[in-house]
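Working notes, structure below.
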Amino acid sequence: MNSQDNAYGILIAALGGEGGGVLADWLVQCALRHGLPVQATSVPGVAQRTGATSYYIELLREPAPAGATPVFGLTPVAGRVDVVVASELLEAARMVERGFVTARTTLLASTHRIYTTVEKMHMADGRQDPQRLADAARALARKTVLFDMEAVTTQAGTVISAVMFGALAGAGVLPWPRSVCEDVIRASGKGVQASLAGFAAAFDEAAAPSSASPEVSKDALQVLADGGLPQALQSEWALRLQPWPAAVQLLAAHGALRCRDYQNGAYAQAFLDHVQALVSAATPEASAALEEAVRHLALWMCFEDVIRVADLKTRRSRYARVTREAQARPGDIVRVTEHFKPGVDEVAAVLPRALGEWLVALATRRGWMGKAHVGLHIRSTSLWGYLMLRSLAWLRPLRPRSLRYAQEHETLSVWLAAMRQVLRESHAFALVLAGLPQVLKGYGDTQARGRLNYARLWSTHVVPALSGAPGAPQAASDLSAALKATLADPEGKLNQAHRAPASNTHPVFWAAKARHRETPLTPRA
Numbered sequence: 032m033n034s035q036d037n038a039y040g041i042l043i044a045a046l047g048g049e050g051g052g053v054l055a056d057w058l059v060q061c062a063l064r065h066g067l068p069v070q071a072t073s074v075p076g077v078a079q080r081t082g083a084t085s086y087y088i089e090l091l092r093e094p095a096p097a098g099a100t101p102v103f104g105l106t107p108v109a110g111r112v113d114v115v116v117a118s119e120l121l122e123a124a125r126m127v128e129r130g131f132v133t134a135r136t137t138l139l140a141s142t143h144r145i146y147t148t149v150e151k152m153h154m155a156d157g158r159q160d161p162q163r164l165a166d167a168a169r170a171l172a173r174k175t176v177l178f179d180m181e182a183v184t185t186q187a188g189t190v191i192s193a194v195m196f197g198a199l200a201g202a203g204v205l206p207w208p209r210s211v212c213e214d215v216i217r218a219s220g221k222g223v224q225a226s227l228a229g230f231a232a233a234f235d236e237a238a239a240p241s242s243a244s245p246e247v248s249k250d251a252l253q254v255l256a257d258g259g260l261p262q263a264l265q266s267e268w269a270l271r272l273q274p275w276p277a278a279v280q281l282l283a284a285h286g287a288l289r290c291r292d293y294q295n296g297a298y299a300q301a302f303l304d305h306v307q308a309l310v311s312a313a314t315p316e317a318s319a320a321l322e323e324a325v326r327h328l329a330l331w332m333c334f335e336d337v338i339r340v341a342d343l344k345t346r347r348s349r350y351a352r353v354t355r356e357a358q359a360r361p362g363d364i365v366r367v368t369e370h371f372k373p374g375v376d377e378v379a380a381v382l383p384r385a386l387g388e389w390l391v392a393l394a395t396r397r398g399w400m401g402k403a404h405v406g407l408h409i410r411s412t413s414l415w416g417y418l419m420l421r422s423l424a425w426l427r428p429l430r431p432r433s434l435r436y437a438q439e440h441e442t443l444s445v446w447l448a449a450m451r452q453v454l455r456e457s458h459a460f461a462l463v464l465a466g467l468p469q470v471l472k473g474y475g476d477t478q479a480r481g482r483l484n485y486a487r488l489w490s491t492h493v494v495p496a497l498s499g500a501p502g503a504p505q506a507a508s509d510l511s512a513a514l515k516a517t518l519a520d521p522e523g524k525l526n527q528a529h530r531a532p533a534s535n536t537h538p539v540f541w542a543a544k545a546r547h548r549e550t551p552l553t554p555r556a
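Heads up: the sequence shown begins at 32 in the working numbering, then just goes up one per residue.
Okay, here's the thing in structure tokens:
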């Protein structure tokens with residue numbers, strides 16, 4: 032029997048460990064219980080978050096005639112897939128790119144992101160634009176159901192396969208009733224109650240999606256609730272977020288928590304004050320620039336120094352992650368050795384400003400900058416190594432008096448003033464200027480190159496634009512091109528080319544004439 036016209040194809044795109052195989056088994060069991068012929072195949076994915084495992088289920092829409100043997104396809108065919116369900120937004124975009132999402136397809140996908148290796152390796156912000164991914168899905172699919180499945184999964188305490196199952200049932204794409212799905216979950220015998228809770232929540236969301244605006248606001252409140260804040264502080268911050276645009280609310284919630292973890296509550300309040308100033312200056316047309324500015328503001332205020340690095344390297348969560356990645360079993364001894372190579376600039380960065388400036392000036396005169404590095408191998412899992420790193424982390428209260436803090440915040444204040452100006456005048460230039468802090472990153476030599484990059488771009492492109500020399504569109508185009516070139520230049524060669532050409536003259540050094548003592552010649556034999 033040729034089942035092409037009667038076949039119904041369901042394609043699942045899930046990452047490893049998310050239970051995609053369990054979901055495929057549930058669908059097969061449901062079909063069998065409903066008396067439908069079914070076949071399931073899978074293609075394993077790859078490691079390092081470069082692709083997903085795909086599961087393909089093909090079944091008949093109605094029971095096969097007596098004596099007929101249906102013939103199913105082993106793999107999905109572009110243009111002939113009826114349902115695509117993806118556990119992550121970029122995986123949904125992969126299915127769109129491969130032609131599996133067409134005018135006959137119902138697409139169900141989660142809006143959360145798990146970033147790929149390529150996105151993480153990018154020198155700046157390598158993330159894919161989630162709005163662009165969602166727009167492509169909506170444009171090509173017959174019906175699209177998008178919501179944050181990860182949030183539903185966390186709330187229910189289950190795995191995302193149960194949530195995807197509920198979304199399939201709630202969207203009305205399965206040829207059997209909800210009760211069949213729930214009976215199959217109960218028969219699985221593992222985590223039944225949590226799976227049923229996630230299934231039910233996703234079913235309701237897919238059947239009657241909530242409006243976008245309340246969902247975003249709910250997400251911001253959830254971020255604050257998950258941040259371990261006292262209830263009074265949660266309410267205070269939520270009140271500050273309320274008047275802001277929905278996207279800014281979420282960014283500000285993440286940024287405030289990051290600043291509080293980085294320094295203290297007062298530092299987080301200062302961040303929110305800066306966000307308020309940017310929001311007040313922005314026009315409706317500059318919404319994208321405003322969001323980009325808030326994101327980079329949070330990253331900039333939490334700049335990396337040796338205090339921050341020492342703090343992160345000695346956190347319990349970090350040791351748990353290393354143990355998990357090393358696949359250590361209970362009772363195994365895990366030793367972690369940290370490799371440091373501090374230089375004069377890194378030492379000066381954490382000193383009080385006056386003392387740090389004196390040390391930098393001394394090192395510059397004597398030619399120590401970039402040369403005087405000490406290689407250190409510190410075992411952070413030993414008592415002395417741990418205490419050595421924690422002693423650096425305990426310098427956090429002194430950070431606001433340090434040289435690096437003064438340098439960063441002086442530059443930051445000038446950037447904020449420029450952002451407030453251009454957010455009112457030119458949203459195109461504001462969007463590019465908001466991304467300028469991307470060149471400032473890391474510490475040591477990386478941080479020094481970043482400061483040179485920033486100073487070069489500021490003097491050659493931003494200052495003329497703020498004074499009104501070039502037109503706004505041309506200024507935005509020039510700065511964007513220069514920024515892209517800088518981010519593609521990790522070794523800082525553009526900074527070398529920007530320096531004034533060296534003079535051909537050489538200094539003359541005068542020295543006293545050395546006394547010459549004649550040595551008597553020894554006659555040859």
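In this text, a Cβ means the ideal position worked out from N, Cα and C, and glycines have one as well.
ask   = Which same chain residues, not among the five before or five after Q469, have their C-beta less than 6 Å away from its C-beta?
value = Around Q469: A155.
query = Just the Cα atoms here: how many angstroms apart are A193 and P361?
reply = Counting only the Cα atoms, P361 lies some 30 Å from A193.
task = Run the CB neighbour count on P101, radius 10 Å, all protein chains shown included, and call it buried at 16 or more, exposed below.
result = Buried is the call here.
query = How many Å lie between H305 and L164 at the Cα?
reply = Roughly 31 Å between the two C-alpha positions.
Rounded separation between D166 and L330 - CA only = Rounded to the nearest whole angstrom, the C-alpha separation of D166 and L330 is 28 Å.
task = Report buried or exposed for Q224, applying the criterion of at least 16 other Cβ atoms within 10 angstroms of its Cβ.
result = Exposed: under 16 other Cβ atoms inside 10 Å.
query = If you draw a straight line from the alpha carbon of R135 to that of H458, how long is it in whole angstroms?
reply = In this structure, the CA atom of R135 is about 40 Å from the CA atom of H458.
key: Residue closest to I191, alpha-carbon to alpha-carbon, out of A170, G229 and G104   = Looking at A170, G229 and G104, the one whose alpha-carbon comes closest to that of I191 is G229.
message = Can you find the residues in the same chain that come closer than 8 Å, C-beta to C-beta, to A359, ignoring five residues on each side of it along the sequence?
response = Taken in chain order, the residues that qualify are V365.
task = Mark E316 as exposed unless 16 or more other C-beta atoms lie within 10 angstroms of its C-beta, in which case mark it buried.
result = Per the 10 Å Cβ criterion, exposed.
ask   = Just how far apart, CA to CA, sit S141 and P208?
value = About 23 Å.
message = Between which two residues does the alpha helix (DSSP H) holding I88 run?
response = Where I88 is concerned, there is no enclosing alpha helix (DSSP H), although the beta strand (DSSP E) around it starts and stops at T84 to L91.
key: Three-way DSSP call (helix, strand, coil) for H305 in this model   = Per DSSP, reduced to three states, the secondary structure at H305 is helical.
message = Going by C-alpha to C-alpha distance, which of V127, T189 and V108 sits closest to A117?
response = When each option's Cα is compared against that of A117, the closest is V127.
T491 classed as buried or exposed, judged by whether at least 16 other C-beta atoms fall within 10 angstroms = Exposed, by the Cβ-count rule.
inquiry  = Please list the terminal residues of the continuous alpha helix (DSSP H) segment that includes V223.
reply    = Counting along the chain, the unbroken alpha helix (DSSP H) around V223 starts and ends at V223 to A238.
Nearest to A392 (by Cα), restricted to the options L407, V405, H404 and D376 = Cα-wise, what sits closest to A392 is D376.
query = Should A381 and R435 be called a contact, given that it needs their Cβ atoms to be closer than 8 Å?
reply = Residue identity check: residue 381 is Val in the sequence provided, not Ala. Going by C-beta atoms, V381 is nearer than 8 Å to R435.
ask   = Using the rule of at least 16 other Cβ atoms within 10 Å of the residue's Cβ for burial, across every protein chain shown, is W415 buried or exposed?
value = Classification for W415: exposed.
ask   = Thinking just about the alpha-carbon of each residue, which of A278, L467 and F131 is nearest to the one in S318?
value = Residue A278 is the option with its Cα nearest to S318.
task = Enumerate in chain order the residues of its own chain whose CB-to-CB distance from V337 is below 8 Å, with the five nearest sequence positions on each side excluded.
result = Correct list, in chain order: P373, E377, A380, V381, L423 and Y474.
key: Where S266 falls, given that 16 or more other Cβ within 10 Å makes a residue buried   = Label assigned to S266: exposed.
C61 to L67 span [Cα, whole Å] = Distance between the alpha carbons of C61 and L67 is about 9 Å.
R291 burial status per 10 Å Cβ neighbour count (16 or more: buried) = Burial call: buried.
task = Could you check which residue in Q452, A99 and E49 has the C-alpha nearest to that of L309?
result = Taking only the C-alpha atoms, the option nearest L309 is Q452.
key: Local conformation of A134 per DSSP, three classes   = Three-state result, A134: coil.
message = Counting only beta-carbon separations shorter than 8 Å, does L139 have a partner in chain B?
response = Of the chains in the structure shown, none is chain B; there is only one protein chain.
query = Between the Cα of A41 and the Cα atoms of L171, L518 and R92, which residue gives the shortest distance?
reply = Note that residue 41 is Ile in the sequence shown here, rather than Ala. I41 has its Cα closest to that of R92, out of L171, L518 and R92.
request  = Please list, in chain order, all residues of the same chain as N37 whose beta carbon is under 6 Å from its beta carbon, the five residues on each side excluded.
outcome  = Excluding sequence positions up to five before and after N37, its CB lies within less than 6 Å of the CB of L91 and R92, all in the same chain and listed in chain order.
query = What three-state label does DSSP hand S244 in the structure shown?
reply = Any reading at S244 needs caution, since the residue's pLDDT is 36, under 50, leaving its predicted position unreliable; the model's value is listed next. If DSSP states are grouped into helix, strand and coil, S244 belongs with the helices.
With 16 other Cβ atoms within 10 Å as the buried cut-off, status of K515 = A residue is called buried once 16 or more other Cβ atoms fall within 10 Å of its Cβ, and K515, having fewer, is exposed.
message = Measuring alpha carbon to alpha carbon, tell me which residue in H65, P428, A44 and F371 is nearest T72.
response = Selected option, being the one with the closest Cα: A44.
inquiry  = Output needed for A479: all residues of its chain with C-beta closer than 7 Å, excluding positions within five of it in sequence on either side, in chain order.
reply    = These residues qualify, in order along the chain: D376.
Spatially closest choice to V115 from H143, A168 and L418, by CA coordinates = The alpha carbon of V115 has as its nearest neighbour, out of H143, A168 and L418, the alpha carbon of A168.
query = Between the stretch 480 to 488 and the stretch 504 to 518, do at least 3 Cβ pairs fall closer than 8 Å?
reply = Contact between the stretch 480 to 488 and the stretch 504 to 518 is present, because at least three Cβ pairs lie under 8 Å.
request  = Determine the DSSP secondary structure at L426, reduced to helix, strand or coil.
outcome  = The three-state secondary structure of L426, taken from DSSP, is coil.
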